[in-house]
Every structure is written in structure tokens, then in C-alpha cells.
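Numbered by my numbering, the letters in the sequence shown go through residues 92 to 602 in order.
Notes follow once the structure below has been shown.
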Amino acid sequence: MKIRFILLSACLILLSACREPQPSDSFVTIDPGDSPESIIEKASRVVPSSRQLDWQELEYTAFIHFGMNTFTEREWGTGTEDPAWFNPTELDARQWASALSEAGMRMIIIVTKHHDGFCLWPTAYTDHSVKNSPWRDGQGDLVKEVAEACREFGLKLGVYLSPWDRHEPSYGTDEYNDHFVNQLTELLTQYGRVDEVWFDGACGEGPNGKRQVYDWLRYYQTIRKLQPQAAIAVMGPDVRWVGTETGYGRATEWSVVPYNLTNTDQIAAGSQQQPSDGVFVPVGNMMEQDLGSRSRILEAPALIWYPSEVDVSIRPGWFYHSEQDDQVKTPEKLLDIWFSSVGQNSLLLLNIPPDKRGLIHENDVESLIAFKKLRDRIFGNNLIEGARIRASSSTPGHKPAHVLIHGRDQFWMARRGNTEGWIEFDLEGEKVFDCLELRENIEYGQRVEEFSLEIRKDNQWQEVIQGTTIGYSRLLRFPPVRADQVRIRIIQARNTPTISFAGLFKKPDGI
Ligand code: FUL
Numbered sequence: 092m093k094i095r096f097i098l099l100s101a102c103l104i105l106l107s108a109c110r111e112p113q114p115s116d117s118f119v120t121i122d123p124g125d126s127p128e129s130i131i132e133k134a135s136r137v138v139p140s141s142r143q144l145d146w147q148e149l150e151y152t153a154f155i156h157f158g159m160n161t162f163t164e165r166e167w168g169t170g171t172e173d174p175a176w177f178n179p180t181e182l183d184a185r186q187w188a189s190a191l192s193e194a195g196m197r198m199i200i201i202v203t204k205h206h207d208g209f210c211l212w213p214t215a216y217t218d219h220s221v222k223n224s225p226w227r228d229g230q231g232d233l234v235k236e237v238a239e240a241c242r243e244f245g246l247k248l249g250v251y252l253s254p255w256d257r258h259e260p261s262y263g264t265d266e267y268n269d270h271f272v273n274q275l276t277e278l279l280t281q282y283g284r285v286d287e288v289w290f291d292g293a294c295g296e297g298p299n300g301k302r303q304v305y306d307w308l309r310y311y312q313t314i315r316k317l318q319p320q321a322a323i324a325v326m327g328p329d330v331r332w333v334g335t336e337t338g339y340g341r342a343t344e345w346s347v348v349p350y351n352l353t354n355t356d357q358i359a360a361g362s363q364q365q366p367s368d369g370v371f372v373p374v375g376n377m378m379e380q381d382l383g384s385r386s387r388i389l390e391a392p393a394l395i396w397y398p399s400e401v402d403v404s405i406r407p408g409w410f411y412h413s414e415q416d417d418q419v420k421t422p423e424k425l426l427d428i429w430f431s432s433v434g435q436n437s438l439l440l441l442n443i444p445p446d447k448r449g450l451i452h453e454n455d456v457e458s459l460i461a462f463k464k465l466r467d468r469i470f471g472n473n474l475i476e477g478a479r480i481r482a483s484s485s486t487p488g489h490k491p492a493h494v495l496i497h498g499r500d501q502f503w504m505a506r507r508g509n510t511e512g513w514i515e516f517d518l519e520g521e522k523v524f525d526c527l528e529l530r531e532n533i534e535y536g537q538r539v540e541e542f543s544l545e546i547r548k549d550n551q552w553q554e555v556i557q558g559t560t561i562g563y564s565r566l567l568r569f570p571p572v573r574a575d576q577v578r579i580r581i582i583q584a585r586n587t588p589t590i591s592f593a594g595l596f597k598k599p600d601g602i
């Protein structure tokens, strides 16, 4: 009995020695005595918060720009518009939600107030809203209709509330912060669960215009108190703007980026002890090409998990303009954007602006659904399935066959301490493919810095393509190749690499 106990204990100790220690937090400070190796190690252990993880898994969400600009055919209203002009004749939020969920999107972020200040809900804090419009005889509440439609069609709800307000007289004074928090409170208490709050950084006041000092920390605390699961995006601590509005992100996209500690005073003032509690005001240039390489993080005072969102419109404008009906992005263009957003470790937030009727235009619906069918056709057939799989090494419980199973729970992990390795696939016969998908288990952080895809020809491994970061998801395209043996090589990683999904696909010819 005693021997059995000793043996069992020895096994447990051995097993735990092989196990990767759990990663830490979504924020880490760099100490003056940290060596370059320990900084890289720390970077590899920065992980998403649970709200960031839930947000990332949405992958593909919808923006709805609809409001006064829809009727004036402008992009930025002046704030002097007459509420009487807002008059959609056939508005049907169920048509929006039905089409967007059929298109595979998982959330609607509704622009509740754009820069012109007109509110789509009957707010108590201004008369510049739907309550003074002819729509539904002034009894309408579009945020409510969208929230209900989202619930019916299984979509999450997000809200965009423009900080810049060209109508509100208090804009530019301290009182505006009260006004903004009041409006935010209405939105976060009257419509059920909200999963994303989107704060736009845009302001076109110019040098002689009004200057508003936004009380960001107060806004964030309001959201954390009322809807703690909601990710705060762009001018917020949870989600970073990718830096363009084209739909194209970076080929090397790190979710772990330097954090400027000059904000700690504000954080302390905000009564939160840790930036990872999610109340830091983003600073720095998000448009730079390199945000998270080794050279950037080695000089950083602290590091934070701050993943990227790619926002782009299906039409040239954010709002509907009838003359753009024939400029709706094609399914092929949307697929190209998909590869450059979701396929480059970002979430895709695609804007679909309803028309003057209050409906998503037929051309937009057609393109969205065709795009969904195209993705299903490509990604519905993983050519790796059925393969015999082996790896250079594995951590117990994380065998390489797990890369065939989607989801967080099952994943491959190399043996602890290995920062390189490979997974080999013996396919069931020769296959032709031109697209690779890889995902890391980001619950363990983002670790892979360089990888490649190889095929075996004439008894030799030949490289097909190389990539840098993987992160939540990475897609690579290449000219079609034919092979029956394939290998994914992790060439360099910041810590023991994980792969939670691998796929090989073939696009239809000509795409
Ligand atoms: C920008 C705004 O100025 C545009 O009108 C649009 O709302 C876009 C999503 O963000 O900054």
C-alpha cells in the first residue's frame, strides 16, 4: 500500500513537472532587473481577460450606421438637422437581424448616436431624438427594436455612442461628461445585456472648435458597473482599433502590446488597482506597423493584452447613399478582407448601412449571403481530417490530434520548455490545397513568432509558405500544391507553443 502511494505521488509530481504552469494576467509590469529572456517569457504569459476571450470568439460582427445621415445623405451631420427628417417608411429591425445572422455574424453594434447628436432612442436628456420625429408617431425606440430582434435571432448586442456631439449645447464643458454618462446609463440599463460598447475617437472640431475633456475613466466605470461583460472598444481598454478602415490588418498582429505606465495615476484615481481590471485610457499610435515585436516589448515598461478589431463598411460610406447601390463589396472582395482580418488575428466588424426605407438593401443582403456560402464551401471541408497525426513532442493531455477539434478545450501543446516543434499529417491520399488555417489557444497567451508549412516530395520536406504570428486565428493563401504528407513547423515561439486548430483547404478556382 505504502509503495503504491509513493509510486502514485512520484507519478503525480512527474506529471505536474511536465505540465505547463497556468498563464498569468492580461497585464504585466517589466522590472528594471528583468533580462531580455525574462521579458519575452513575461510577454508569453499575458492572456486575454474573460470578456476579451468571449469577444474574440465572436470573430465576425455587424456595425449598423443608420440615423439622420441616412436621410440627409451625409457622412458627418452638422447637428442642426430637424428631427422631422428622420422618417424610415418600412423600418424592420427583424429583417436586419435575420439577414445578418444568416450571414454568420454574431453581434449587431448599433450606432445609437453619431457625431450629429441625433439619438435613436427616446432619451430623457435631449429632445434631439426619435421622439420628435414622425417615425412611429414619435413613439418609436430603435435601440429597443434592435435589442429585441437580436434576442430573437440569437445575436449579441453592442452599442456605439459617439463622444463627439455636434448638437448637444453642453459639449465642451464639464457638464457634458454628466450628460454622456446619463445617456450611457440609459443604454446600459434599458435594453438588456450589452456585449460591446464602441467609443469613436473621431472629432472634427478643428483648432478653433470646442474642446471636450472626456472623463474616460468615469465612462469605463459606468460600463463595468452596469454591464461588466461588455468589451469596451477603440477609445477603450479591451479592444484596439487596427488602425485603418480598409478591412486590411497587419500580417504580423500581436495581441500583446506595450502599455504606457504614465496612465497609472488615472487608474489609481479610478479606484481600480490594476490596469488589467480594464480601466486604462489608450494612448499611443495604433497605426504603426510594428506594435508588438521583440524590439518593441523589450523597451516597454509594461505589457497588456489588447487585441485588434478591423472595422470596414460593405459600401464606400458608413451611411447609406443611394448612388452607392452598385458599389457594394462583392463576396470575393469580402473574402479577401476576411483573410486579412479574421485571418490575421483580428475580429472583423463589417458595417451594413440600412437604406432610407429602414431595410438592408437587397444588394447588400445578396453579397453577404453569397460571402457566407463561399466561406462554408471553403472552410467546410478540412482536408486534414482523417489524417494520421504525430508531433515532435507533446505535453500530457494535449496530443496533436486535438488540432482537428475546434474550440478552447482541446489543443496541442509541445513539451514544456520547447519553443519549437512540428506536427506532421499523413493525409488519406494525395490532396490539393491552397489555404492554411492555424489557431493558438490564446488562453495560454500568444506565443508563436514564426512558422511554416511544408510538404514531403521525393523524400524531402519542402517549404510551401512561412508566416509570423498566429494568435487567435491565422489564414495563409498560396498557389495550389498537391501532397499526401504535410508538416507544420513552429520555427520560433516565445514559450511552449500551443495549436488549437489546424486546417488545410482548397478555394474554388479563380478566387
Ligand atoms: C469614424 C467616424 O467618423 C465614422 O463616421 C464612422 O462612424 C467610423 C466607424 O468611425 O471615426
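Ideal placement from N, C-alpha and C gives every residue a C-beta, glycine not left out.
Phe462 is positioned such that its CB atom lies no closer than 8 Å to that of Leu566. Judged by DSSP in its simplified three-state form, Ala324 adopts strand. With a contact defined as Cβ atoms closer than 8 Å, Asn473 and Leu595 qualify at about 7 Å. In the DSSP assignment, Tyr350 is bridged to Ala393. Of all residues, those with a beta-carbon under 5 Å from at least one heavy atom of ligand 1 are Asp291, Ala293, Trp409, reported in chain order. Looking at Ser117, His258, Trp212, Phe154, the one whose alpha-carbon comes closest to that of Trp167 is His258. Runs of the alpha helix (DSSP H) lying entirely within the stretch 157 to 228 and spanning at least 4 residues, in chain order: 159 to 163, 184 to 193. The alpha carbon of Ile556 has as its nearest neighbour, out of Asp575, Ile533, Tyr535, Ile582, the alpha carbon of Ile582.
In this structure Leu191 is in contact with Leu246, their Cβ atoms being roughly 7 Å apart against a cut-off of 8 Å.
In the DSSP assignment, Arg565 falls outside any alpha helix (DSSP H) and lies within the beta strand (DSSP E) extending over 565 to 584. Per DSSP, the continuous alpha helix (DSSP H) segment holding Phe271 begins and ends at 265 to 280. In the three-state DSSP reduction, Val555 falls in the strand class (E or B). When Cβ pairs closer than 8 Å are counted between the two stretches, the stretch 266 to 275 is seen not to touch the stretch 130 to 143, the count staying below three.
Between the stretch 161 to 181 and the stretch 224 to 244, the count of C-beta pairs closer than 8 Å reaches three or more; the two stretches touch.
Counting every other CB atom within 10 Å of its CB across the protein chains shown gives Thr180 a total below 16, marking it as exposed. Around the beta-carbon of His497, fewer than 16 other beta-carbon atoms lie within 10 Å, marking it exposed. If you draw a 10 Å sphere on the C-beta of Gly508, you find fewer than 16 other C-beta atoms in it, and that means exposed. In the three-state scheme derived from DSSP, where H, G and I count as helix and E and B as strand, Ile121 is classed as coil. Non-local beta-carbon contacts of Met326 in its own chain, meaning distances under 6 Å to residues more than five positions away in sequence, involve Phe290, Gly292 in chain order. For Val401, the closest of Leu382, Pro422, Asn442, Ser413 by C-alpha to C-alpha distance is Asn442. Of the candidates Arg578, Val539, Gln576, Val539 places its Cα closest to the Cα of Gly558. Taking a 10 Å sphere around the C-beta of Ser141, we find fewer than 16 other C-beta atoms and assign the residue as exposed. Under the Cβ criterion (8 Å, minimum of three pairs), the stretch 469 to 487 counts as touching the stretch 505 to 521.
Phe569 counts as exposed, since fewer than 16 other C-beta atoms from the protein chains shown sit within 10 angstroms of its C-beta. Excluding residues up to 5 positions away in sequence, Trp187, Ile199, Ile200, Ile201, Val202, Val237, Asn442, Ile443, Pro444, Pro445 lie with their Cβ nearer than 8 Å to the Cβ of Ile155 in the same chain. A straight line joining the alpha-carbon of Trp552 with that of Val419 spans about 43 Å. With respect to the C-alpha of Glu193, the residue from Ala153, His219, Thr163 having the closest C-alpha is Ala153. Restricting attention to Gly283, Leu527, Glu296, Ser346, the CA atom closest to the CA of Leu317 is found in Gly283. In the three-state reduction of the DSSP assignment, Ser431 falls in the helix class, which pools H, G and I. The C-alpha of Thr335 is placed about 28 Å away from the C-alpha of Gln312. Only exposed fits Asp600, as fewer than 16 other CB atoms lie within 10 angstroms of its CB. Comparing alpha carbon positions, the residue from Gly434, Ile405, Glu164, Met159 closest to Trp212 is Met159. The continuous alpha helix (DSSP H) containing Cys241 extends over residues 233 to 243. Cβ neighbours of Val456 within its own chain (closer than 6 Å, five residues either side excluded): Ala190.
Counting C-beta pairs with one atom in each stretch, the stretch 575 to 589 and the stretch 541 to 548 have three or more that are closer than 8 Å, which means they touch.
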